[in-house]
Structures are given as structure tokens and as C-alpha cells.
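Line by line, the protein sequences are chains F and H. Convert by adding 23 to the 1-based position in the first sequence; the result is the number in my numbering. The letter at position 8 of the second sequence is residue 0 when you use my numbering, and the numbering goes up by one with no holes. Right, one structure below, let's go through it.
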Amino acid sequence: MMTDLAKLTAHEVLDLLKSGRCSSEEVVNELLTAIRSNDQQIGAYVSLDEEDAIAQARAADKARAEGGKGRLLGLPIAVKDVLNVSGQPCTCASKILRGYISPYDATAIAKLRKEGALFVGRTNMDEFAMGSSTENSAFKVTRNPVNRDYVPGGSSGGSAAAVASKEAIAALGTDTGGSIRQPASFCGCVGLKPSYGRISRYGLTAFASSLDQIGPICSDVRDAALLLDVMCGKDAMDSTTVDLPVTDSAAGFSDDLKGVTLGLPKEYFIEGMDPEVEKAVRNAVRTCKDLGAEIIDVSLPHTEYSVATYYIIATAEASANLARFDGVRYGHREDGIDPIDMYCNTRQAGFGREVKRRIILGTYVLSSGYYDAYYLSAQKVRTLIRADFGSVFKRCHAILAPVAPTAAYRIGEKVNDPLQMYLGDILTIPANLAGICGMSVPCGVTGKGLPIGLQILGAAFKEEDILRVGYAFERSMGQFSRNS
Amino acid sequence: MSQAGQRAVDRIDVAYVANLARLKLSADETSMFQNQLQDIVGYVRKVMELDVTGVEPMAHGVPMQNVLRRDEARDGLTIESVLLNAPAKRDDQFVVPKIVE
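Here it is as C-alpha cells:
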């Protein structure tokens, strides 16, 4: 009987499963034990069906015994509570979807399921993915496993906390303005945001349709590559997916970075950033140089406009996407004298504060008299932000930068100042606006022991490049991400 | 020429906009949001500082064309699954309050 299965990476667990040295049921039981003893304090999960998890594991073990060969056969994956998994709850951490059971699988889920993955647990998040600390969940607070007085980041804080605390082998998150990369950074795991159009958004509860992407949060870069490869691909159900061949993203992995040019954008080392974060990232840059990379200085001149641009575009899209929550067809309903009254009462009762704030802002910037000045202007500035990256990627394979100006902060510290919270997203937002890919890899800790992530940004559809950089860096760090 | 220099800071009327968005805010929420959102509106107007003459708006991360398919019937969700989460249903229909003219 193997122990400490929960502390392994996904690819290590899959090796054990393939060689018959452990069963999926053993892996799942270990996770359930860890969750039972820890999650009261961490709060990574909003729901978990233990019986169903074991049933799935047994079915996978049976399938394997009968010759099943799925690439992820028997691997349990925790899912951010924003993705539809048939028969499982999907609340988006909102009262307005309390009790909702998904009638279908998201495409990304279906692809994982086809390769034999198991879906164990729904992880906590900021409500409708709106937030950077998971403090906006309607149901519970998730605590950073490294220090429980601190936030895990957001909006995929539950997924990051689950992986970091070994309550999950791997998890799914979503990233609209940094919601995979930042919690991965705050919790000390790997988080990958694929290029826009890589992974289908069908079955992902939409926040901002031109920005959202699903991605893996896991223990190492190899796991991220594996999950990316399984989930990506053109999908008839999502016309924004691109028709690119699915490759083996880990094929280019090497222990060195010879021949790789990496750019350091001066605008990302911002005034007022935590000196410990800056130091850790600059050390990481030096490590990459020692691995053979050439480091050049680059500029992304429109960086300072990215937060403003994002909070116009994302909220505008959100105001449209959240119009469907009206109490008619699913979710919570409050009575009303007529349908409009019902919508108003339902939405008032069902949505949390941050969600309401963003819906109102988004409605405003789209409304008559304001559309041209705000929304249209923001769409044009977005073109400039994308062009900045286009120019830089002509000169380097990938960009290195911090993920956030600080490491995790105390729970409650920023809840009363929404604008301050928004400004913390400045380093992750541009990648979503430009549609490019980005990853956070652990690169150090603060004096208080809080994790610091290195952000690696790559050109659209060049996930192989950022994965290659991340892999070599991680190897040289001696698997920094493993808290054993 | 940027717009920011010519355009005074817009005032957001939270109560009015909330109604457009079918949100029935409490008095406390209205006043809290009025202050917070006015600050945010004051910040996001930063996008008007840039000269965007001749710049095309970017609506999507990938070049999008109108995507069509053949008009052929396909399987979708079953009626049962569609009604699975209905707050009120009857005879394969969603029940809602009467629309008052």
C-alpha cells in the first residue's frame, strides 16, 4: 500500500497507476483523508461528493483492468466551481446558483473525461470569477495553506489552495485577468493561462467572453503541459477556438535554455512593488541566464492603461453575460409581481456586492452616451496593448516578469477598497487583453514564507515556449514547488 | 487629440444604472456604490488619455469571421435536462409570474 500519493505530481501518479503499483481508489482515498483532516481550516472546497469520488475511482480501476488506456485514466482532478461537470453542482460561488446541477459537461471536461480523468470536488472561488482573493465567495473564505491568515489569491483560490495543501493532485482554474496565475503565485504552485482560443469555453460560465480561459493549476510544469494538451482543440460549440493541431507540449523540454531569448519589460517592475518580490524575480532571471538564456530589456509602453482598459471591457461583457441570471430557468428565484420585478428581486438577493458593482459599471460603460467614450476607446487601447506584445515577441521568445506587485496579503486587508484590489492585477491583465499565453512558476518566498511566482508570458499559441522556459527553470530550482 | 482633456469627469447615477441592470439596490448599497463607482469611473477614464486616431477596436483575441454551419437539425439537451433546475415548471414549460400590461 503506497502512502503519500497525494504529495506526488499528476504524471508521477499516472506512472504508478499505469504500472499497477497503486490504484485510483487508493489515490482518491488519500485525497479524501487529507481533505477530511485539513479542509475545515483551508476551505478549498465548496462541495465534494465522497461516494461519487470513490465510485469514479473504482470505475477507472475496472476500466484499466479491462485494458483502458486513457492518458489520464484514474487521475482525480479538482474543478473550480464555474465549470459544468454533468451531474455535479455548479454554483460559481454564488447564492444565485445554489442548488444548480449541471446538465452537461463543458467541452474541456468532456475531453478530460474521455482520457479517463475523475472529477473530485468543486473548489471555491470569487463569485462569478470576479475578484483577486477568493474573499468574494458567497459561501466561505479560503485560506492560504502556507499561512492561514493570508489570502490564497483569486479568483481560482480554492483550486490553488487545494493543490498547494495536497488536497488535490491537480486542479482546473480559469483566468480572465490573472485568476489562475495570481493564486498559483500566492500559493506556490504552477498555473497556466493558455492563449485565448486554445481551450473551448463551452460549459464555462462566462464572465468576460473575450478574455476568459480555462487552465491547469498543478504541482509542476510537466503536469500543466499534460492537462493543456488534453483540453485544447477546436470546438464546434465555441467559435472562438482555433484550428491548430494538438501537440505534445512537453516535447521541447530541456534542462537548459540555450538559444532562448527572454525579455524583461521595464514597466512590470513597478514603483511600490514589494522589494522581496522584485528580488525573487530578478534572481529567477539570473537563473535563466545561467541556464543559457539571453536576457534583453524590452518595453510594453501601454501597460499603465491595462487596468482601466480591462475594467471597462470585462465589466461590460460581464453585464451582458450575467443578464441570464433572472430566476426563470435555473438557480435561485425570488417572487415578484411580474417577471421584471422577479428579475430585480432575484438578482438583488442572489448576487454579492462585487458582482453587483461590476454589473453596474459594465452597464454604465455600454449605455447610451457613454459607449463611445469608454467601451469603444477601451477596445482601441486594447489593440495598442496587443501591438506592444507583438513588437516584443519579434525580439524574444518569452517575457519574464513578476505575477503581482506583492505576495499574498492578510484576509480582510483589501476588501473595502475595490480600486486598490483592481490595481493589484496590473501585471496579469495585459496577457488577457492581448490574448497571449502566460504561466506562473514558483520562484521564491518572502521573509514570512509566502510564495512568490515568476510570470512567463509567450506569444499567442506559443505555449511550448513558456512551458520550456518554466520546465528548465523549475528543474534548476530543485522542484521548489514541492512542500514536502 | 485625446478625449480626456475635453471631457469632464462623468458622473455615474448608480440608482439609474442599477435599474437598467435589473438590480434593486438597498439605500445603503446605493450610497456605498455611488462613492466607490464614482472613484472607479474617475480612474477608468484613463483610456481617453491616448490618441487612438486610426486604431481599430479589438473585440477578440483571435481574428474572427462570422462562423456558419449548415442548417441541419442536431441533438441538443433533452427537455428533461433543460428543466432539471427550473424553479417552477409545468407541462414541459417554465412557470413565471404573469406579464402585467
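Ideal Cβ positions, reconstructed from N, Cα and C, are used throughout, including at glycine. None of the values given here were measured: they were computed from a predicted structure.
With a threshold of 16 other beta carbon atoms within 10 Å, residue 166/F meets it and is buried. The three-state secondary structure of residue 47/F, taken from DSSP, is helix. Listed along chain H is no residue with a C-beta nearer than 9 Å to that of residue 339/F; the closest approach is about 11 Å. In the structure shown, residue 444/F falls within a helical segment according to DSSP collapsed to helix, strand and coil.
Residue 346/F and residue 28/F have their C-alpha atoms spaced approximately 43 Å apart.
Leaving aside the five residues that flank residue 419/F on each side, the residues in its chain whose CB is nearer than 7 Å to its CB run, in chain order, 284, 285, 286, 319, 321. Within chain H, the C-beta atoms nearer than 7 Å to that of residue 367/F come from 14, 15, 16, in chain order.
Within the region 16 to 32 of chain H, 16, 17, 18, 21, 24, 25, 28, 29, 31, 32 place their CB atoms closer than 9 Å to a CB of chain F, listed in sequence order. Secondary structure at residue 309/F: helix, using DSSP grouped into helix, strand and coil. The DSSP-derived three-state label of residue 102/F is strand. Straight through space, the alpha carbons of residue 219/F and residue 486/F are spaced by roughly 11 Å. About 7 Å separates the Cβ atoms of residue 437/F and residue 156/F, confirming a contact at the 8 Å cut-off. Fewer than three Cβ pairs drawn from the region 376 to 386 of chain F and the region 300 to 315 of chain F lie within less than 8 Å of each other, which leaves the two stretches out of contact. Interface annotation, residue 1/H: not in contact with chain F, CB-CB separation never under 8 Å. Distance from the CA atom of residue 415/F to the CA atom of residue 323/F, rounded to whole angstroms, is 8 Å.
In this structure residue 466/F is in contact with residue 475/F, their Cβ atoms being roughly 6 Å apart against a cut-off of 8 Å.
Neighbours of residue 78/H across chain F, judged by C-beta separation under 8 Å: 352, 353. Assignment of residue 468/F by DSSP, reduced to helix, strand and coil, places it in the strand class.
Rounded to whole angstroms, residue 228/F and residue 105/F show a C-alpha spacing of 6 Å. For residue 216/F, the enclosing beta strand (DSSP E) covers residues 213 to 216.
In the three-state reduction of the DSSP assignment, residue 78/H falls in the coil class, being assigned neither a helical nor a strand state.
Taking 4 residues as the minimum length, the alpha helix (DSSP H) runs contained wholly in the region 269 to 322 of chain F are 298 to 313, in order along the chain. In the three-state DSSP reduction, residue 111/F falls in the coil class, being neither helix nor strand.
Per DSSP, the continuous beta strand (DSSP E) segment holding residue 238/F begins and ends at 236 to 241. A Cβ-Cβ distance of about 4 Å is found for the pair residue 184/F and residue 67/F, placing them in contact under the 8 Å criterion. Put simply, the backbone Cα of residue 354/F is about 8 Å away from that of residue 348/F. Per DSSP, the unbroken alpha helix (DSSP H) holding residue 452/F starts and ends at 452 to 457. Interface flag for residue 71/H against chain F is unset, since no Cβ pair is found closer than 8 Å. Between residue 44/H and residue 329/F the beta-carbon gap is near 15 Å, outside 8 Å, which marks them as no contact. Neighbours of residue 342/F in chain H, taken as residues whose beta carbon is under 8 Å from its own, are 13 in chain order.
A direct Cα-to-Cα measurement between residue 76/F and residue 292/F gives close to 44 Å. Contacts with chain H at 8 Å (Cβ-Cβ) include residue 401/F.
Taking 8 Å as the cut-off, the beta carbon of residue 491/F is found closer than this to the beta carbon of residue 275/F. Residue nearest to residue 263/F within the set 59/H, 90/H, 74/H, 86/H is 59/H (criterion: CA-CA distance). Around the Cβ of residue 405/F, a 10 Å sphere holds 16 or more other Cβ atoms; the residue is buried. Nearest Cα to residue 41/F within the set 358/F, 56/F, 361/F, 83/F: 83/F.
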